[in-house]
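> Submitted below is the structure of interest, expressed as structure tokens.
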Amino acid sequence: MRAAWRDVVAAADLFLREEWAFHTEIRSYRHSQLGCEQLAQMKAFMAVALVAGLAIFSAPIGCAAITDIDILQLALNLECLEAEFYSYAAYGKGLDPALRGGGPAPIGGKKANLTTDAKYYAEEIANDEIAHVAALRSVLGNNSVPCPQIDIGPAFAAAANAAFNTTLTPAFDPYANDVFFLHGAYIFEDVGVTAYSGAAPLIQDKTILGAAAGILAVEAYHAGAIRTILSQIATMITPYGVPVSTILDKISALRGAVGGGKDQGVIVNGLVNIVPADPNSIAFARTPAQVLNIVYLSPVGKPGGFFPNGVNVPGLALA
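Using the numbering used here, the first residue of the sequence shown is number 821, and each one after it goes up by one.
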């Protein structure tokens, strides 16, 4: 009898520990494309582990599916970030207040010190990203949200410091010159591609899916252009005493560390790598939580980095 009771107690202990892990996992997976299925499997496993000893189970916990509105609102937040950065870099000013949707002006934006060629790149990408903000607001209609507080100044230095695991001197400034502007663009562009790639399977409305696919293609063009230019100056020594390729590798490693892997530098095994992709040459895809880890500069989804107060997506509880 004592042995049987010990088995029951052990089973109960296992259940409590697994149940705690389950509730923890909910916060990470509930809005990922595989989350509901994984959580159901976890719940079933815990039930099997305990059924021989105790018949006490908590009520099933609902798995809130991400909606098309959630996806578009998150995309709008990310497009606000990119549009503000490129607009300031190219034109010395940010989004029109109407396009911010009543949101605050960003922190740290300024006109970049660019050569003519780099300025042309900045202007074209800025125009694209501004158009994306306008398009998403149009599609969202009454569900449109204000741009959140965005940091496009000190956050870049924080990202560079995190990538190098030290405080860089001088502080990294993407507005200082062509090379650092391209590094700033590199931080964002690959993330945009993986964000839209990860969102695509979650979108239910085919019209919205088509629009998202179109934006994904444009982001991929941007990323390819930026990576190509950077590959051509990969051996250039920067003010930090290391070549451009080393900085890119460290940025890629940081994104991978907090964003579920799925990242590659511009030079891999001594060869130019314009297209970061899996072994089948399919673009990497990230969940919303993984994307936020990157732009928050946090492995646990804590607001910060480029979004000091978090993103503005009312229905998406990712943190």
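Every residue, glycine too, gets a C-beta built ideally from N, C-alpha and C.
(1) Could you give the residue range of the alpha helix (DSSP H) that holds L1074?
(2) By the 10 Å Cβ neighbour count, where 16 or more other Cβ atoms means buried, how is S1107 classified, buried or exposed?
(3) Decide if A903 is buried, meaning its Cβ has at least 16 other Cβ atoms within 10 Å, or exposed.
(4) Between the alpha carbons of Y1116 and F1008, how many angstroms are there, rounded?
(5) So, using beta-carbon positions, are G1121 and N1132 closer together than 7 Å?
(6) Tell me the DSSP secondary structure of F1127 in three-state form.
(7) Pair every Cβ in the region 1030 to 1049 with every Cβ in the region 964 to 976, then say whether three or more of these pairs are closer than 8 Å.
(8) Check this for me: beta carbons of A938 and D1010, under 7 Å apart or not?
(9) Could you tell me if G1081 is buried or exposed, where buried requires 16 or more neighbouring beta carbons within 10 angstroms of its beta carbon?
(10) In the structure shown, what three-state DSSP assignment does L1091 receive?
(11) Assuming V1086 and S1065 make a contact with CB atoms under 8 Å, what is their CB distance in whole Å?
(12) Using CA coordinates, which residue listed in N947, Q893, L894 is at the minimum distance from K913?
(13) Using the Cα positions of D993 and P924, report the straight-line distance between them to the nearest angstrom.
(14) Go through its chain and collect everything with a Cβ distance to P1063's Cβ below 8 Å, but skip five positions before and after it.
(15) Quick check: what's the CA-CA separation for A879 versus I891?
(16) Taking the runs of the alpha helix (DSSP H) that are 4 residues or longer, which of them lie wholly in the region 917 to 998?
(17) Cutting at 7 Å between CB atoms, please list the residues of its own chain near V1038, excluding the five before and the five after it.
(18) Let me make sure I understand the geometry here. Which of Y940, I972, S958, I889 has the alpha-carbon closest to that of Y908?
(19) Whole angstroms are fine: how far does the CA of L894 sit from the CA of D888?
(20) Taking the DSSP output, what are the residues bridged to I1057?
(21) I'd like to confirm the pairing. Which residues does DSSP put opposite A1097 in its beta bridges?
(22) For L1050, does the count of other Cβ atoms within 10 angstroms reach 16, so buried, or fall short, so exposed?
(23) Quick one: what does DSSP say L907 is sitting in, helix, strand or coil?
(24) With the cut-off set at 7 Å, would you say I983 and I1071 are in Cβ contact?
(25) Taking the alpha carbon of G929 as the point to measure from, which residue in A918, A1043, Y906 has its own alpha carbon closest?
(26) Can you tell me the Cα-Cα spacing of T1165 and V959, whole angstroms?
(27) Need the endpoints of the alpha helix (DSSP H) that S1051 sits in, please.
(28) With distances taken between CB atoms, is the gap from L1022 to L956 smaller than 7 Å?
(29) P926: which of N933, A932, L915 sits nearest, CA to CA?
A quick look at the data gives this:
(1) Element bounds for L1074: 1064 to 1078.
(2) This sequence places Thr at residue 1107; Ser is not what is there. T1107 is buried by the Cβ-count criterion.
(3) Result: buried.
(4) About 12 Å.
(5) Going by C-beta atoms, G1121 is not nearer than 7 Å to N1132.
(6) In the structure shown, F1127 adopts extended strand secondary structure according to DSSP, grouped into three states.
(7) Three or more beta-carbon pairs separated by less than 8 Å are not found between the region 1030 to 1049 and the region 964 to 976, which leaves the two stretches without contact.
(8) Going by C-beta atoms, A938 is not nearer than 7 Å to D1010.
(9) Exposed, since its Cβ has fewer than 16 Cβ neighbours within 10 Å.
(10) If DSSP states are grouped into helix, strand and coil, L1091 belongs with the strands.
(11) Contact between V1086 and S1065 holds: CB atoms are separated by about 7 Å, below the 8 Å threshold.
(12) Comparing Cα-Cα distances from K913 to each of N947, Q893, L894, the minimum goes to N947.
(13) P924 has its alpha-carbon roughly 22 Å from the corresponding atom of D993.
(14) If the five residues before and after P1063 are omitted, its C-beta is found closer than 8 Å to the C-beta atoms of A1054, T1055, M1056, I1057, all from its own chain and listed in chain order.
(15) Confidence is the limiting factor: at A879 the pLDDT is only 32, short of 50, which leaves the residue's position unreliable and the question unanswerable from this model.
(16) Assignment of alpha helix (DSSP H) within the region 917 to 998, counting only whole runs of 4 or more residues, yields 917 to 920, 936 to 960, 974 to 984 in chain order.
(17) The residues are D948.
(18) Minimum Cα distance to Y908 is reached at I972.
(19) One C-alpha to the other measures close to 10 Å.
(20) DSSP, once it has assigned bridges, lists P1063 as partnering I1057.
(21) The bridge partners DSSP lists for A1097 are A1103.
(22) Looking at its Cβ environment, which holds 16 or more other Cβ atoms inside 10 Å, L1050 is buried.
(23) Correcting the residue identity first, residue 907 is Ser in this sequence and not Leu. In the structure shown, S907 adopts helical secondary structure according to DSSP, grouped into three states.
(24) Sequence inspection shows Ala at residue 983; the Ile mentioned does not correspond to that position. Against a cut-off of 7 Å, the Cβ pair of I1071 and A983 comes out as a contact.
(25) Of the candidates A918, A1043, Y906, Y906 places its Cα closest to the Cα of G929.
(26) Within the shown structure, residues of the chain are numbered from 821 to 1139, placing residue 1165 beyond reach of any answer.
(27) Taken as a continuous stretch (DSSP letters only), the alpha helix (DSSP H) holding S1051 covers 1026 to 1052.
(28) No, they are not a contact pair.
(29) Ranking N933, A932, L915 by Cα distance to P926 puts L915 first.
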